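Q:
Right, dumping it as structure tokens:
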């Protein structure tokens, strides 16, 4: 039996729902034949694919050791948990959900500390006054060390956070924190503020590939099929299909429509009967329709697109280039 192609997705909560929704919109329906509590699943129509339901941090760890081919996890976990991440894994595509920023936050009472340079300035004085270094509570040890080093901040020590990181300064276990935030409301509720230049990483869920997985010819072909679906859905989201027919259409008119409205003619210019099919960005539909009618079109119809499969697949090309490195 051939080795299965393994795709890891989050095992619970909104991340699981969003990941399954993302694949479903791409025509890749995930299911659990063993029931809702099963941690293994399948993709309809792809018999050699195995879905592994894991926590987001476990997905990063499995990508690092090549135990899965593709995984959906946050960039923050990739950057934190995988040394030399850009060499070992590929962030193929940002998925538009699971957004959170990794930030440096200090007490709002520190009114003179607004930037990392300010933080560096007070670090030495803090040590002299309190006889210990500033403590930074965080779960993001590697990201914190790298970011502080790039800003020349060295007089601190990390306190690894095991619970609610934002509560550490109020509890007296740390002076400042590095944590994730979406709206900043929780930080504010705990009397904290993000430094002006304190955003370490703007993270979101990504589709990630592992370089150390078994990339046989069969595995690459499976990846091509999966990424074809995803790329075709992404192209479809960028456009609506516009159809019309009028005798006055010519190459000059199509070029003007392209320049003004960003349209493309995927099947070339009008047919001998004057039929024309265009793909138009959603925000330009009315303007394009008005333009076509002004130039002789009586009727302009617009339909949504489910998928647009193209000869070239930039996602698979990106993966192939990464695996050749």
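Numbering (full-length UniProt numbering), first residue to last: 1 to 325.
Where a beta carbon is used, it is the ideal one built from N, C-alpha and C, also for glycine.
Predicted, not measured: the structure shown is a model, and the values here were computed from it.
Beta-carbon separation of residue 233 and residue 277 under 8 Å?
A: Against a cut-off of 8 Å, the Cβ pair of residue 277 and residue 233 comes out as no contact.
Q: What is the C-beta distance between residue 265 and residue 254, in whole angstroms, given that I count them as a contact (C-beta under 8 Å)?
A: Contact holds; Cβ gap of about 6 Å.
Q: Could you pull the start and end residues of the beta strand (DSSP E) that residue 51 belongs to?
A: Counting along the chain, the beta strand (DSSP E) containing residue 51 begins and ends at 46-54.
Q: Just curious, the alpha helix (DSSP H) that residue 186 is in, first and last residue?
A: Its alpha helix (DSSP H) spans residues 185-189.
Q: Where does residue 279 sit, in a helix, a strand or coil, going by DSSP?
A: DSSP places residue 279 in strand when its eight states are reduced to three.
Q: Under 8 Å: do the region 210-224 and the region 1-13 share three or more Cβ pairs, one atom per stretch?
A: They touch, by the three-pair rule.
Q: My parser needs the beta strand (DSSP E) runs of 3 or more residues fully inside the region 105-176; what are they?
A: Segments of the beta strand (DSSP E) lying fully in the region 105-176: 134-138, 156-160.
Q: Residue 243 lies in the beta strand (DSSP E); which residues open and close that run?
A: Taken as a continuous stretch (DSSP letters only), the beta strand (DSSP E) holding residue 243 covers 240-245.
Q: In whole angstroms, what is the alpha-carbon distance linking residue 222 and residue 309?
A: Their backbone Cα atoms lie some 16 Å apart in a straight line.
Q: Relative to the C-alpha of residue 322, which residue among 194, 268, 220, 285 is closest?
A: Residue 322 has its Cα closest to that of 220, out of 194, 268, 220, 285.
Q: When the Cβ atoms of the region 156-174 are set against those of the region 120-139, are three or more pairs found closer than 8 Å?
A: Cβ pair count under 8 Å is three or more, so yes.
Q: Answer yes if the region 59-66 comes into contact with the region 24-31, meaning at least three C-beta pairs across the two stretches below 8 Å, and no otherwise.
A: They do not touch, by the three-pair rule.
Q: Between the Cα of residue 12 and the Cα atoms of 270, 56, 148, which residue gives the shortest distance?
A: Nearest of 270, 56, 148 to residue 12, Cα basis: 56.
Q: In the DSSP assignment, find the beta strand (DSSP E) that holds residue 208 and state where it starts and stops.
A: From DSSP, the beta strand (DSSP E) with residue 208 extends over 205-210.
Q: In the DSSP assignment, find the beta strand (DSSP E) that holds residue 302 and state where it starts and stops.
A: Taken as a continuous stretch (DSSP letters only), the beta strand (DSSP E) holding residue 302 covers 300-303.
Q: In angstroms, rounded to a whole number, what distance separates the CA positions of residue 125 and residue 83?
A: One C-alpha to the other measures close to 33 Å.
Q: Based on Cα-Cα distance, which residue from 319, 259, 134 lies nearest to residue 123?
A: The candidate whose alpha carbon is nearest that of residue 123 is 134.
Q: From which residue to which residue does the alpha helix (DSSP H) around residue 78 run?
A: Start and end: 75-81.
Q: Going straight from the alpha carbon of residue 47 to that of residue 288, what length do you get?
A: Those two C-alpha atoms are separated by around 44 Å.
Q: Would you call the region 279-294 and the region 193-205 touching, i.e. three or more CB-CB distances under 8 Å?
A: Contact fails: fewer than three Cβ-Cβ distances are below 8 Å.
Q: Start and end of the alpha helix (DSSP H) containing residue 66?
A: Run containing residue 66: none; DSSP gives neither H nor E here.
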